Amino acid sequence: MGSDMKNLSMNGDAVALRERAEHILRKRKQQDPATPNTDADLRKQLHELQINQIELEMQNSALTELHEARMETELALKRYADLYDLAPIGYFTLDRAGLICEANLTAAALLRVERRKLPGQDFNAYISLDLQSDFKAFLVRVFAHKIRASCELVLSNFRHQPIFVHMDAVPDESGQTCRAIVENITLRKLAEKSLFNVHDQLERSVHERTAELTDINEALRVEVAERKRTEAALLESRAALRRLGAYQERIKEDERKRIAREIHDELGSLLTGIRANACVALGNAERGDRPLEQLADIAKLADLAIDTVRKVITELRPSVLDQLGVWAALEWYAGQVERRTGLACECVLDPHAVDTELDPERSTALFRIVQEALTNAARHAMASRVTISVTREANQIKVEVQDDGKGISDERRFSSDSWGIAGMYERALHFDGEFRICSTLGRGTLVFFRFPLEKSHAP
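Sequential numbering from 380 applies to the sequence shown in the working numbering.
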């Protein structure tokens with residue numbers, strides 16, 4: 380049946396072609412009526428020859444167009460293949476068992492294997508042993524749910540350092556293979572580890588000093604022999620606690636500044652130098668000295684490292700706090716929290732307060748208290764909206780942070796383990812200020828604090 384239909388189609392094409400040829404011949408005869416009249420057979424043979432000639436001309440034209448279309452298609456395929464092979468990100472095609480069907484040059488470089496040897500190899504064999512079962516489960520999820528999914532893996536080779544990668548995979552139309560994009564994130568992981576170590580060191584330092592203060596207070600509570608002496612000792616201990624708390628905050632701020640400066644001056648300048656050298660090498664390579672692929676990768680990785688450094692610096696201490704002041708820093712940070720967590724943040728700043736220039740210590744204290752309050756609202760309160768209000772009353776700055784979250788219990792609020800609340804309290808108290816938290820379970824939390832301005836800033 381299929382063969383008959385094909386023959387019928389071919390016969391139809393031939394009939395149509397002959398009809399078109401006869402039509403063209405009739406037009407030519409009309410334009411050139413001087414064709415001599417001969418006998419009937421000769422005229423018929425001449426007619427057939429003319430028809431055949433026109434058919435051949437038309438077929439030749441069609442073949443020429445088909446050849447040109449084929450050449451254009453092959454050129455487009457070659458351009459696509461070049462883009463695929465020279466992309467700075469690894470591309471894989473994997474089957475349901477995790478076997479490699481296709482890979483580009485960057486993918487082969489990530490696995491440190493020649494590309495021609497990759498088809499048929501198990502991608503899981505290049506993954507760190509402790510993550511191989513996770514990758515198998517990841518593939519099952521991609522194919523079973525027919526969705527795009529992502530994961531982070533470690534490519535391991537006993538002769539080389541491990542490579543941290545991020546993979547995005549999506550099944551193709553057949554459902555038998557999936558396309559995967561693999562990006563090298565080793566530099567980012569190393570930067571995150573370095574930041575974690577610094578943070579852990581700071582946490583241990585704070586914990587040790589807090590433990591010392593707890594021991595001092597415990598000793599004071601035990602000494603009840605003389606009431607006045609005990610009361611005086613407790614007052615002195617609290618004053619010492621405030622001074623030490625303020626000292627700890629200054630130390631942490633100085634440490635943040637130092638770390639940010641070192642990252643900027645050393646790692647930042649080093650990565651900038653890498654990019655400059657890579658760009659020079661790219662210029663040389665464009666003149667035909669060397670291939671461009673690896674040098675382009677170096678430049679792009681350097682860009683990523685520079686962005687990571689800038690992000691780390693901003694997280695340690697926002698530059699907007701020093702450059703534009705605390706009020707602009709509050710609005711900037713509220714926007715950051717909203718974009719990062721989805722928590723709607725609104726800043727309501729009294730113009731009289733905005734016109735007040737705070738000294739660096741008060742600016743830092745105010746910013747850190749609001750930062751801690753927003754962190755608690757986003758992390759613990761399950762809030763959807765928070766409002767930051769700043770007003771100036773006479774010689775005082777008053778700040779309120781109100782959220783619509785689940786609230787906080789009195790037990791949690793006054794717990795000795797609530798170091799974040801204790802830190803906010805000590806920051807406000809250091810400037811002879813006032814700090815309190817008002818909360819009702821299920822009805823949100825209000826963080827309120829105020830402290831006097833320095834006399835030099837008073838109206």
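Positions of the beta carbon are idealized from the N, C-alpha and C atoms, including for glycine. Predicted model only: the values in this text are computed from it and were never measured.
With fewer than 16 other beta carbons inside 10 angstroms of its own, A504 counts as exposed. By the C-beta density criterion, E805 is buried, having at least 16 other C-beta atoms within 10 angstroms. By a beta-carbon distance limit of 8 Å, T485 contacts I468. Their separation comes to about 6 Å.
Assignment of beta-bridge partners to G469 by DSSP yields V561. For T766, the enclosing beta strand (DSSP E) begins and ends at R764 to E772. L478 places its beta carbon 8 Å or farther from that of R567. Going by beta carbons, L722 and A752 fall outside the 8 Å limit. Within the same chain, S535 come within 8 Å of L508 by CB-CB distance, once the 5 residues on both sides are set aside. Of the candidates V727, E740 and H731, E740 places its Cα closest to the Cα of D701.
Under a 10 Å Cβ-count criterion, F471 is classified as buried, with 16 or more other Cβ atoms of the shown protein chains found around its own Cβ. If you look at H759, you'll find it isn't in any alpha helix (DSSP H); DSSP assigns it neither H nor E. Residues of the same chain with a CB within less than 8 Å of the CB of T720, apart from the 5 flanking positions on each side, are A757 in chain order. E615 carries a helical assignment under DSSP once its states are collapsed to helix, strand and coil. By the beta-carbon neighbour count (other beta carbons within 10 angstroms, threshold 16), N663 is exposed. Closest by C-alpha distance to G802, out of T743, D782, Y712 and E772, is T743. Under the DSSP assignment, K496 falls outside any alpha helix (DSSP H); it carries neither an H nor an E label. Annotation: Q750 to Y712 spans about 8 Å, alpha carbon to alpha carbon. With a cut-off of 8 Å on Cβ pairs, the stretch 571-590 is not in contact with the stretch 554-563, counting fewer than three such pairs.
Straight-line spacing of the CA atoms in E665 and A655 works out to 15 Å. Under DSSP, E531 shares a beta bridge with H545.
In this structure I776 is in contact with L832, their Cβ atoms being roughly 6 Å apart against a cut-off of 8 Å.
Partner residues in the beta bridge of R815, as assigned by DSSP, are F827. Contact between L620 and L592 holds, with the beta-carbon distance rounding to 6 Å and staying under 8 Å. Less than 8 Å separates the beta-carbon of A681 from that of L650.
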